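In short: position in the sequence shown from 1, add 18, done, that's my numbering. Glycine included, C-beta positions come from ideal geometry on N, C-alpha and C. This structure is a prediction, so every number in the text was calculated from the model and none was measured.
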Amino acid sequence: MSALQPPAQEEASKPLVWILIVNWNGKADTLACLASLRNIHYRPYKVLVIDNASSDGSVEAIRKHFPETRLVVNAKNERFARANNQGIEIALAAGAEFVLLLNNDTEVAPDFLDHLVLAALFRKQVGMVAPKIYYHQQPQLIWFAGGKINWWSGRIYHLGLRELDHASLATPQPMDYLTGCALLVRRACLQQIGPLDESYHMYAEDADWCQRARQAGYLCLFQPEAKIWHKISASSSASYKAYHKILGNFRFYKRYARWYHWLTIPFGVAFGAVRELMRTALNQPGEIGKLATAMLSGFRDILFRRRTQA
19 MSALQPPAQE EASKPLVWIL IVNWNGKADT LACLASLRNI HYRPYKVLVI DNASSDGSVE
79 AIRKHFPETR LVVNAKNERF ARANNQGIEI ALAAGAEFVL LLNNDTEVAP DFLDHLVLAA
139 LFRKQVGMVA PKIYYHQQPQ LIWFAGGKIN WWSGRIYHLG LRELDHASLA TPQPMDYLTG
199 CALLVRRACL QQIGPLDESY HMYAEDADWC QRARQAGYLC LFQPEAKIWH KISASSSASY
259 KAYHKILGNF RFYKRYARWY HWLTIPFGVA FGAVRELMRT ALNQPGEIGK LATAMLSGFR
319 DILFRRRTQA
């Protein structure tokens, strides 16, 4: 018996976790993610990959190299929310006590799941738990150390973004928002608040989920002892992401913000857009035109009520 494999009686006493990974033409990243999951200490767990009609041989490669991994193969790209909801339905039907959403472009520390589950078990009011997430290319640089929602500026943002890890980001604490990049959800919470909202094309569906959990009385907890590394989605361009982030955030604030927040949200969003354009001009000057066009398209579609209905 491996040192990483607990005795059967210990395994039986722990809650079953299902890990859901959505894949769309990300064969190399998904295989690396699955390889890292093979090394985790926690038992029992199951891994389910929901493939969104990949054409890069992902399904065949997963079946060949990771035959223990369960697969759902979709006939079309069902995107993030719908594909994860398919997995959630399967996991709950199979008796999962926790469901973990995990991006395919991540790699995990062997003990990350132990820390996430323990944090949830320690406090029953915890409905969701997320790890500390670093940039894969710069393993000490933080991508996510908790999330905040600013109702006055219209921002949904990561704490610690682009900072080197430091002591002030080492304390578990409740957050406004946890990223769907890596998010453990308790079964009871799922049953009470329901699945992800599929009306979000992409972006802010995780913030919406967390908001519903918090409204139902659950805590959304950041657990910094759990650590993973994120390759930062290479599957879509910065301009594509900027456009859909504008639409997703607008849908979120339209649904949850109070009327008086809208007195300042437009100014906060405009300031944030200018700041992002300036950062892009400094770091990627060749992308500034595409990014500006994408942002203007997003604001135009909101103004003319295209693709923004809640």
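Three-state secondary structure (DSSP) of residue i
i           : result
residue 228 : helix
residue 51  : helix
residue 143 : coil
residue 180 : coil
residue 382 : The chain is shown only over 19 to 328; residue 382 falls outside these bounds and no answer can be derived.
residue 69  : strand
residue 238 : strand
residue 322 : coil
residue 286 : helix
residue 243 : strand
residue 191 : strand
residue 293 : helix
residue 165 : strand
residue 157 : coil
residue 264 : helix
residue 134 : helix
residue 56  : coil
residue 279 : helix
Proximity of residue i and residue j at Cβ, strictly below 8 Å
i           : j           : result
residue 161 : residue 248 : yes
residue 113 : residue 68  : no
residue 237 : residue 145 : yes
residue 90  : residue 66  : yes
residue 284 : residue 241 : no
residue 107 : residue 70  : no
residue 151 : residue 200 : yes
residue 221 : residue 262 : yes
residue 127 : residue 246 : yes
residue 257 : residue 300 : no
residue 76  : residue 125 : no
residue 118 : residue 250 : no
residue 311 : residue 305 : no
Of the residues the options, the one placed nearest residue i, counting alpha carbons only
i           : options            : result
residue 137 : 127, 126, 149      : 149
residue 115 : 312, 203, 320, 316 : 203
residue 63  : 34, 140, 87        : 34
residue 206 : 122, 235, 50       : 235
residue 173 : 47, 293, 37        : 293
residue 315 : 220, 260, 52, 94   : 260
residue 98  : 81, 107, 39        : 39
residue 272 : 192, 178, 226, 142 : 226
residue 120 : 85, 147, 267, 270  : 147
residue 79  : 52, 276, 193, 306  : 52
residue 131 : 218, 208, 61       : 61
residue 269 : 317, 304, 188      : 317
residue 81  : 302, 45, 267       : 45
residue 156 : 167, 179, 135      : 179
residue 139 : 286, 307, 277, 32  : 32
residue 267 : 239, 277, 143, 287 : 287
residue 123 : 193, 186, 198, 141 : 198
residue 143 : 295, 307, 232      : 232
Same chain, Cβ closer than 6 Å to residue i, neighbours up to 5 away in sequence not counted
i           : result
residue 158 : 182, 183
residue 129 : 59
residue 282 : 170
residue 43  : 72, 74
residue 313 : 260, 291
residue 133 : 241, 243, 244
residue 322 : none
residue 223 : 99, 214, 215
residue 103 : 213, 214
residue 219 : 262
residue 167 : 174, 194, 195
Bounding residues of the alpha helix (DSSP H) (the contiguous stretch that carries residue i)
i          : result
residue 95 : Residue 95 -> no alpha helix (DSSP H), and no H or E assigned at all.
residue 81 : 76-83
Cutoff 7 Å; reference residue i; Cβ partners in own chain excluding five residues on either side
i           : result
residue 210 : 234
residue 83  : 49
residue 229 : 274
residue 154 : 125, 247, 248, 249
Residue i: first and last residue of the uninterrupted beta strand (DSSP E) it sits in
i           : result
residue 116 : 116-120
residue 125 : 124-126
residue 37  : 35-41
residue 160 : 160-162
residue 338 : Nothing in the structure corresponds to residue 338, since the chain is present only between 19 and 328.
Within-8 Å CB hit, residue i to chain B
i           : result
residue 309 : The structure shown contains no chain B; it holds only a single protein chain.
Beta-carbon proximity list for residue i, same chain, < 8 Å, skipping 5 on both sides
i           : result
residue 289 : 171
residue 208 : 106, 110, 117
residue 302 : 256
residue 192 : 237, 238, 239, 240
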